[in-house]
Amino acid sequence: MKFFGIPVRRKCCFYCWYIFVLFSFLYYSGLQEYLFAWSYSRHYIHWGPEESLQTLISQMQIREASGVKPINEFSYPFTFIYQEKCRSKEPIRLMYIVKSAMHNFENREMIRNTWGYENKYIDVSIRTVFLLGYDFDSPDLQIKVEKEANTHKDIIQAEFIDSYYNNTLKAMMGLHWAFHYCENVKYFFFVDDDYYISTRNVLRFLRSPLNYPKYLEKFVASAVNEYQDQLYAGFVFNNVSPIRWYFSKWYVPLSEYPYSHWPTYVTAGAYVLSRKSLVNLYYASLFTKFFRFDDIFLGMAAKKAGIKPVHHNEFHFDKKPYSLEGYKWVIASHGFADPVQLLNAYNEQRSAGNA
Ligand SMILES: *[C@@H]1O[C@H](CO)[C@@H](O)[C@H](O)[C@H]1NC(C)=O
1 MKFFGIPVRR KCCFYCWYIF VLFSFLYYSG LQEYLFAWSY SRHYIHWGPE ESLQTLISQM
61 QIREASGVKP INEFSYPFTF IYQEKCRSKE PIRLMYIVKS AMHNFENREM IRNTWGYENK
121 YIDVSIRTVF LLGYDFDSPD LQIKVEKEAN THKDIIQAEF IDSYYNNTLK AMMGLHWAFH
181 YCENVKYFFF VDDDYYISTR NVLRFLRSPL NYPKYLEKFV ASAVNEYQDQ LYAGFVFNNV
241 SPIRWYFSKW YVPLSEYPYS HWPTYVTAGA YVLSRKSLVN LYYASLFTKF FRFDDIFLGM
301 AAKKAGIKPV HHNEFHFDKK PYSLEGYKWV IASHGFADPV QLLNAYNEQR SAGNA
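See the structure below:
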């Protein structure tokens, strides 16, 4: 039998094939996942217990047997902790907490000599530490890290595997360390070890976060010294949907995260927190379910803590193409994994008074 000139059996096969391709396409494109995601605005409350943070904290502080316990605490043992890093008579204005990888010795050395240099100003106290995970398979690498730690006393290391999907652990480790040992720090700047930073612009930004750099170009009467004691600032993303495309590095199945959008989040490569926001974010992180993307995890915790992230364009999560003039107001720019490039940019900007 024939149907439009195609034998029926072959036509049937053709349809099966067609349906198979259609279903594969739907599956891998994630289209059906987009369609079946729960509306964020209608369903998302908190990622973790739904009680308010204040309720949870007060219950935790009372520590009754029936009271609430944290659901997500950083509990890996520290190899190096350097609790004395924040001990100082006068308050520390700025603490860089640099997320680094064990083998990036040269990047750390260059950071110590450029934007992370602690004695840049006599009247502004700055500190720099590096967060490291662990590599259980390379004892030689660990010996080199130990030497570095003994020399510089700025390595904070804990025993979890240093890998991309463990970045959330590194963020939790940073919050844990800063919360417990750095009460007298005003601002914490979390940053990856492949960034260019202008310390000068960071300090200028902190003087008036909502009006930087306008207030430096012309006098803005209401703006000068607009101190923000609840600050969480960086490059902010609002209303972004999870990636449901199966082959992406950032693929997230509905079973892992069922909502249509992420909470507002700050890209995790570079962000700054006031002490008060750090404390609130730390408490909130204890009651936020673990999530493998650090920026999303912190966004969930910020929502729980009721912190509204502040966006600024001069936190570049991509590399801003380098030029002497173009970097005048840059606070942070990604893409400086090459220490020589970092040194050149830093030296040029410093000579121009921008770093
Ligand atoms: C994260 O670190 C823990 C502790 O070392 C380890 O068990 C786990 O496999 C690591 N996860 C990833 C994705 O590397």
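Note that full-length UniProt numbering gives residue 98 to position 98 of the sequence shown, counting from 1, and the numbers run on in steps of one.
Glycine included, C-beta positions come from ideal geometry on N, C-alpha and C.
These numbers come from a predicted model, not from an experiment.
**Request:** For chain B, find out if any of its Cβ atoms is closer than 8 Å to the Cβ of residue 330; answer yes or no.
**Result:** Among the chains in the structure shown there is no chain B, since it carries only a single protein chain.
**Asked** Is residue 66 helix, strand or coil by DSSP?
**Response** Residue placement at residue 66 is flagged as unreliable, the pLDDT there being 49, under the threshold of 50; the coordinate-derived value follows with that caveat. Looking at residue 66 - three-state DSSP - the assignment turns out to be coil, as it is neither helix nor strand.
**Asked** Would you say the beta carbon of residue 169 comes nearer than 7 Å to a heavy atom of ligand 1?
**Response** yes
**Prompt:** Hey, how far is the Cα of residue 204 from the Cα of residue 94?
**Reply:** 12 Å
**Message:** Taking 8 Å as the threshold (C-beta atoms), are residue 56 and residue 287 in contact?
**Reply:** yes
**Request:** Starting from the C-beta of residue 172, find all residues in its chain whose C-beta is less than 7 Å away, skip the five residues before and the five after it, and write them out in chain order.
**Result:** Cβ contact annotation for residue 172 (same chain, cutoff 7 Å, sequence separation greater than five): 74, 285, in chain order.
**Asked** Contact between the stretch 341-353 and the stretch 302-321: three or more CB pairs below 8 Å?
**Response** no
**Item:** DSSP state of residue 157 mapped onto helix, strand, coil
**Value:** Correct three-state label for residue 157: strand.
**Prompt:** How is the beta strand (DSSP E) around residue 93 delimited, first residue to last?
**Reply:** 92-99
**Message:** Taking 7 Å as the cut-off, is the C-beta of residue 161 nearer than that to any heavy atom in ligand 3?
**Reply:** In the structure on display, ligand 3 does not appear, and the ligands it does have are ligand 1.
**Prompt:** In terms of residues, what are the limits of the beta strand (DSSP E) holding residue 200?
**Reply:** Residue 200 -> not in any beta strand (DSSP E); alpha helix (DSSP H) instead, spanning 199-207.
**Asked** Going straight from the alpha carbon of residue 218 to that of residue 207, what length do you get?
**Response** 15 Å
**Run of the beta strand (DSSP E) containing residue 89, from where it starts to where it stops** = Unbroken run through residue 89: none, as it is neither H nor E.
**Message:** For residue 337 and residue 178, I'd like the C-alpha separation in whole angstroms.
**Reply:** 25 Å
**Request:** Please report the Cβ distance between residue 130 and residue 108, rounded to the nearest whole angstrom; I am assuming they are in contact, meaning their Cβ atoms lie under 8 Å.
**Result:** 6 Å
**Request:** Find the nearest neighbour of residue 356 within the set 275, 269, 347, judged by alpha-carbon distance.
**Result:** This structure leaves residue 356 out entirely; the chain is present only between 1 and 355.
**Item:** Residue environment, residue 282, which counts as buried when at least 16 other CB atoms sit within 10 Å
**Value:** Residue 282 counts as buried, since no fewer than 16 other beta carbons sit within 10 angstroms of its beta carbon.
**Message:** Below 7 Å, is the gap between the Cβ of residue 232 and the nearest heavy atom of ligand 1?
**Reply:** No; taking the cut-off as 7 Å, the Cβ of residue 232 has no heavy atom of ligand 1 nearer than that.
**Message:** Shorter than 7 Å, the distance from the beta carbon of residue 201 to the closest heavy atom of ligand 1, or not?
**Reply:** no
**Asked** Are the stretch 293-308 and the stretch 261-275 in contact at 8 Å, needing three or more beta carbon pairs?
**Response** yes
**Request:** With DSSP as the reference, please indicate the residues paired to residue 38 in a beta bridge.
**Result:** 259
**Message:** Quick check on residue 21: does DSSP put it in helix, strand or coil?
**Reply:** It is helical.
**Request:** Write down every uninterrupted run of the alpha helix (DSSP H) in the stretch 301-351 whose length is 4 residues or greater and which is fully enclosed by it, in chain order.
**Result:** Secondary structure remark: continuous alpha helix (DSSP H) runs of at least 4 residues inside the stretch 301-351, in chain order: 339-351.
**Asked** Which residue from 326, 82, 313, 244 puts its Cα closest to that of residue 25?
**Response** 244
**ligand 1 heavy atom lying under 7 Å from the CB of residue 165** = yes
**Request:** List the residues that DSSP assigns as beta-bridge partners of residue 127.
**Result:** 95
**Asked** Is it the case that the Cβ atoms of residue 161 and residue 127 are separated by a distance below 8 Å?
**Response** no
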